[in-house]
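Participant:
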Amino acid sequence: RGGTIAFNFLHPDGRVVDERFVDVVAAEHGISVRTGCFCNSGAGETAFSLSSDTLIGAEFDDEMILDDYIRLVGMPTGGAVRVSLGIATNFADVYRFMRFATEFHDVSEVPADLPPRLAC
1 RGGTIAFNFL HPDGRVVDER FVDVVAAEHG ISVRTGCFCN SGAGETAFSL
51 SSDTLIGAEF DDEMILDDYI RLVGMPTGGA VRVSLGIATN FADVYRFMRF
101 ATEFHDVSEV PADLPPRLAC
């Protein structure tokens with residue numbers, strides 16, 4: 001087993017780059033990453049410093065999809081990007097990932113037609 005690193009890329013103005021866009025670009029480069037919400041309930045809320053008042057005061061309903069929840073509570077994105085290093089990972093893999101990561105240093109906007117987040 002190897003270590004897993006969870007992170008988000010940031011726009012130049014500090015906003016979080018949508019993890020769905022990172023997933024699209026990674027796939028174009030043949031790089032496997034995991035993106036989206038956290039399996040551990042409450043991890044995203046903690047990572048994005050949501051207060052219990054925000055969560056208690058929100059009006060949730062059974063028809064909501066994950067995007068509705070994110071918008072309602074004011075999260076900047078649906079989770080994080082996760083990359084793992086394992087026994088088969090070598091220097092070339094890490095170098096290729098780092099080159100891929102540099103593509104996000106000046107991303108100002110992402111496409112508006114990203115697929116909706118239906119569930120976690």
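Under our numbering, the sequence shown has 48 at position 48, and the numbering climbs by one with no breaks.
Just so you know, even glycine gets a beta-carbon here, dropped at the ideal spot from N, CA and C.
I65: buried (16+ other C-beta within 10 angstroms of its C-beta) or exposed?
Facilitator: exposed
Participant: State the start and end residues of the unbroken alpha helix (DSSP H) segment that holds V24.
Facilitator: V24: member of the alpha helix (DSSP H) spanning E19 to E28, first to last residue.
Participant: Tell whether a beta-carbon distance below 8 Å holds between T46 and G79.
Facilitator: Taking 8 Å as the Cβ cut-off, T46 and G79 do not qualify as a contacting pair.
Participant: Report yes if the CB atom of T54 is closer than 8 Å to the CB atom of V73, and no otherwise.
Facilitator: yes
Participant: Since F104 contacts P76 with CB under 8 Å, what's their CB separation in whole angstroms?
Facilitator: Between P76 and F104 the Cβ distance is about 15 Å, and since that is not below 8 Å, they are no contact.
Participant: When you compare the region 80–99 with the region 108–117, are there three or more beta-carbon pairs, one atom per stretch, that lie closer than 8 Å?
Facilitator: no
Participant: Pull up the distance between the alpha-carbon of F156 and that of E28, whole angstroms please.
Facilitator: Any answer about residue 156 is impossible in this case: the structure gives the chain only from 1 up to 120.
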